[in-house]
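Okay, structure first, notes after.
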Amino acid sequence: MKSLRRRLALHFSLQFISIMVFVAIFSLVLLFVLLMHLNREEMKQNWPAGALEGITIDTLIEENKATISDAWKHQLEERNLWVQVVDMEGEVIGSENTPELLPDSYSVSEILQIEKTNQYEGFYVYSEVDTTFKDPYFYMLGYENNELESLQRWFSQYSSSGRLSDENLKKLESELEPLEGSIHVVNQEGKIVQSAGSEIIKEDYKPLDVLVRTKSPGKFETHTTIFNDPESDFTWIMHTPRQEAEPEGFAFLTEVMRVIVILAAVLLALTIGISFWHGFRYGQPLLLFTGWLERMGYGNYEEVLTEKERKKVFRKNGKVRLRYKLYKEVIGAFYEMAEKLSASDKERDRLEKTREEWMTGISHDLRTPLSTIQGYAHLLESGQYRWTEEELLDMGKMIREKGDYMTALIEDFSLAFQLKNQSLPHQLKPADLNELVRGIMLKFVNDRTLEDIPFNFEGASTDLFIHADLRWFERMLDNLIYNCIKHNPKGTSITASVSRQGESAIVTISDNGTGMDEETVRHLFDRYFRGTSTDEQTEGAGLGMSIARAIAELHGGSIQVSSIKHRGTVFRLKFPLAEGPEQEGWLEGLA
Numbered sequence: 009m010k011s012l013r014r015r016l017a018l019h020f021s022l023q024f025i026s027i028m029v030f031v032a033i034f035s036l037v038l039l040f041v042l043l044m045h046l047n048r049e050e051m052k053q054n055w056p057a058g059a060l061e062g063i064t065i066d067t068l069i070e071e072n073k074a075t076i077s078d079a080w081k082h083q084l085e086e087r088n089l090w091v092q093v094v095d096m097e098g099e100v101i102g103s104e105n106t107p108e109l110l111p112d113s114y115s116v117s118e119i120l121q122i123e124k125t126n127q128y129e130g131f132y133v134y135s136e137v138d139t140t141f142k143d144p145y146f147y148m149l150g151y152e153n154n155e156l157e158s159l160q161r162w163f164s165q166y167s168s169s170g171r172l173s174d175e176n177l178k179k180l181e182s183e184l185e186p187l188e189g190s191i192h193v194v195n196q197e198g199k200i201v202q203s204a205g206s207e208i209i210k211e212d213y214k215p216l217d218v219l220v221r222t223k224s225p226g227k228f229e230t231h232t233t234i235f236n237d238p239e240s241d242f243t244w245i246m247h248t249p250r251q252e253a254e255p256e257g258f259a260f261l262t263e264v265m266r267v268i269v270i271l272a273a274v275l276l277a278l279t280i281g282i283s284f285w286h287g288f289r290y291g292q293p294l295l296l297f298t299g300w301l302e303r304m305g306y307g308n309y310e311e312v313l314t315e316k317e318r319k320k321v322f323r324k325n326g327k328v329r330l331r332y333k334l335y336k337e338v339i340g341a342f343y344e345m346a347e348k349l350s351a352s353d354k355e356r357d358r359l360e361k362t363r364e365e366w367m368t369g370i371s372h373d374l375r376t377p378l379s380t381i382q383g384y385a386h387l388l389e390s391g392q393y394r395w396t397e398e399e400l401l402d403m404g405k406m407i408r409e410k411g412d413y414m415t416a417l418i419e420d421f422s423l424a425f426q427l428k429n430q431s432l433p434h435q436l437k438p439a440d441l442n443e444l445v446r447g448i449m450l451k452f453v454n455d456r457t458l459e460d461i462p463f464n465f466e467g468a469s470t471d472l473f474i475h476a477d478l479r480w481f482e483r484m485l486d487n488l489i490y491n492c493i494k495h496n497p498k499g500t501s502i503t504a505s506v507s508r509q510g511e512s513a514i515v516t517i518s519d520n521g522t523g524m525d526e527e528t529v530r531h532l533f534d535r536y537f538r539g540t541s542t543d544e545q546t547e548g549a550g551l552g553m554s555i556a557r558a559i560a561e562l563h564g565g566s567i568q569v570s571s572i573k574h575r576g577t578v579f580r581l582k583f584p585l586a587e588g589p590e591q592e593g594w595l596e597g598l599a
């Protein structure tokens, strides 16, 4: 049971850890995919500034040569963007989709100008310094910004000190009309001092509004182009409709929610799948156990498993299948319990049979003496006869003898029942076997009613001790000797001898009488095999031989009988030897 406890604890611990590790790895993979997806969405939202960050991460630099990934090459060509990677010396070590007018190297002043104005040779340029490596690298992402060129041209053409006259305002609005755009003229405090084109509700701009619209244009409903005039300190902000159907900010949140829902659905499906697997794995054995208990409830202990269930549980080589191996001890315990219940059921049947035999034996063996007593009682009660004193004494003697016989017979039945159920009170003590058997034989020698039967005793040459209950040992030998007396003619010699054989003591009771046939020898120790006359003593009749064998077994011994017709019978009893007693007086209990 301890091994089962350990294996169950280990099994469920490992299973729990495995599931947790699997769920953790699966969640991390999904989280990584989510982050990658969100990163792509963020790049789209911050395009093209976000694209430069992705290019910086994905570009491979080896031996002072930058290689841009094919995926980014396709994106750059599709969107008409160009990229250049510049090293510490100002040399271009990698480029893609670069116009011919761009140089292969840059001076300090050119790089500072690009960083300050975000423009170079008519291109709008996003720049970033990558300090991941030992030597930093300067990345540039450029594209033609026609809206910025138009805004700069309109500023030069229509503005006066950064503001618009009424006439120029109308001209500017006419040029904005095809673009469905609008322009806000904003002062240094962020207040809108003038506006042209489509009306956009905007009271003012906060300091970070302009920067956020530059860095993350995808978050807003309109595409924003910004031009600042340092001389007048006015900023022109142009809004034009975006190509997308909805703002990227909302699309991004929608995409995040969609990915979260997918992640939750996958985890839910995984949890449900594991639950079903657990239910199938641990529920199926429980159904088997339920079937076992149901069959046992009907008393069917022989069929623990049906043929179909056996094929499920055991392989062809008799070993338990893997799915049921966790319950190996439980299956074994069920088989053991079935065997014990079957044995208990058989023992109950045996006890019931013993009880019936006991009742049958009592009714059978008591019927004859009861009939005799009942007959005498009717005669005395009728008053039809006048009895002499001698006849009355004879009838009284007969009734007493039959009563004594019935008492002894009932005691025999009780003794046989106690021996059968191993409930006979007894106390085994070391006893000198020579003296014990000799004392019992002397009792028969001194019996005046047996003067015509010669009794002999042959003791062992050395002292032999066995563990014996003196009362029941004497009863055993009495039954055997009385059997020899009753079933042989007068003058039959009866001999008791004691000897040693290895670590055992042997007691032999033999006679030279008429002997028995094989059928009688075979059933001699069966109860009620041979009938009993009520004129005989009970020790050697009816239950006597069965009691003798049971007492021998009570002493840890055995009894065997051999007989030859017309030559005699030999009873051979064998008992384990014991050490001698520690004190004198062991024979005091002998009757």
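So in the working numbering the end of the sequence shown lands on 599, straight run, no missing numbers. Just so you know, even glycine gets a beta-carbon here, dropped at the ideal spot from N, CA and C.
Residues bridged to residue i (per DSSP)
| i | result |
| --- | --- |
| His475 | Pro438 |
| Ser287 | Strictly speaking, residue 287 in this sequence is Gly, with Ser absent from that position. The partner list for Gly287 (beta bridge, DSSP) is empty, contrary to what the question assumes. |
| Met148 | Gln92 and Ser135 |
| Glu466 | Ser505 |
| Arg580 | Thr516 and Gln568 |
| Gln127 | Tyr132 |
| Ala74 | Ile69 |
| His192 | Ser203 and Ile245 |
| Ile234 | Ile245 |
| Arg171 | Ser168 |
| Val100 | Val94 |
| Asp212 | Lys199 |
| Ser113 | Glu99 |
Beta-carbon separation (whole angstroms), residue i vs residue j, contact threshold 8 Å
| i | j | result |
| --- | --- | --- |
| Ile555 | Ala424 | 6 Å |
| Asp95 | Asp143 | 7 Å |
| Gly565 | Leu581 | 6 Å |
| Leu60 | Tyr147 | 6 Å |
| Tyr114 | Asn126 | Incorrect: roughly 15 Å between the Cβ atoms, too far for contact. |
| Ile200 | Asp212 | 6 Å |
| Val445 | Leu401 | That pair is no contact at about 39 Å. |
| Ile559 | Trp480 | 5 Å |
Local Cβ density within 10 Å of residue i, reported as buried at 16 or more and exposed below that
| i | result |
| --- | --- |
| Arg161 | exposed |
| Gln92 | buried |
| Glu511 | exposed |
| Glu532 | Checking the sequence, you will find Leu at residue 532 rather than Glu. By the 10 Å Cβ count, Leu532 comes out buried. |
| Tyr343 | exposed |
| Trp395 | exposed |
| Arg221 | buried |
| Asn105 | buried |
| Pro433 | exposed |
| Thr542 | Because the pLDDT of Thr542 is 44, which lies under 50, any placement of that residue in the model is unreliable, and the question is left without a value. |
| Asp373 | buried |
| Ala17 | exposed |
| Tyr393 | exposed |
| Lys410 | buried |
| Trp244 | buried |
| Glu254 | With a pLDDT of 42 at Glu254, under the threshold of 50, the modelled position of that residue is not reliable, and the figure given next carries that caveat. Result: exposed. |
| Ile280 | exposed |
| Ile493 | buried |
| Trp300 | buried |
| Leu149 | buried |
Spatially closest choice to residue i from the options, by CA coordinates
| i | options | result |
| --- | --- | --- |
| Leu427 | Gly281, Ser169, Val274 and Arg557 | Arg557 |
| His475 | Thr368, Val31 and Lys437 | Lys437 |
| Glu443 | Pro433, Glu466 and Asn454 | Glu466 |
| Leu551 | Leu39, Arg483, Lys81 and Ile76 | Arg483 |
| Asp440 | Pro584, Trp90 and Glu118 | Pro584 |
| Gln435 | Asp477, Thr470, Phe421 and Asp402 | Asp477 |
| Arg363 | Ala351, Phe421 and Thr396 | Phe421 |
| Thr500 | Leu458, Asp486 and Ile514 | Leu458 |
| Ser240 | Asn454, Ser164 and Met553 | Ser164 |
| Glu97 | Asp112, Leu417, Asp455 and Leu39 | Asp112 |
| Glu587 | Asp471, Ile493 and Ile502 | Asp471 |
| Arg356 | Ala32, Asn429 and Pro377 | Asn429 |
| Asp525 | Asp534, Ser571, Pro186 and Asn464 | Ser571 |
| Leu109 | Lys124, Gln121, Trp90 and Glu123 | Trp90 |
| Ile502 | Asp460, Met44 and Val41 | Asp460 |
Under 8 Å, with one C-beta from each stretch per pair, do the stretch 385 to 405 and the stretch 519 to 531 reach the 3-pair mark?
no
Can at least three beta-carbon pairs, one atom from the stretch 149 to 166 and one from the stretch 122 to 135, be found at a separation below 8 Å?
yes
How do the stretch 182 to 202 and the stretch 265 to 282 stand: do at least 3 beta-carbon pairs fall below 8 Å, yes or no?
no
Looking at C-beta atoms only, is the number of pairs between the stretch 275 to 284 and the stretch 227 to 234 that lie closer than 8 Å three or more?
no
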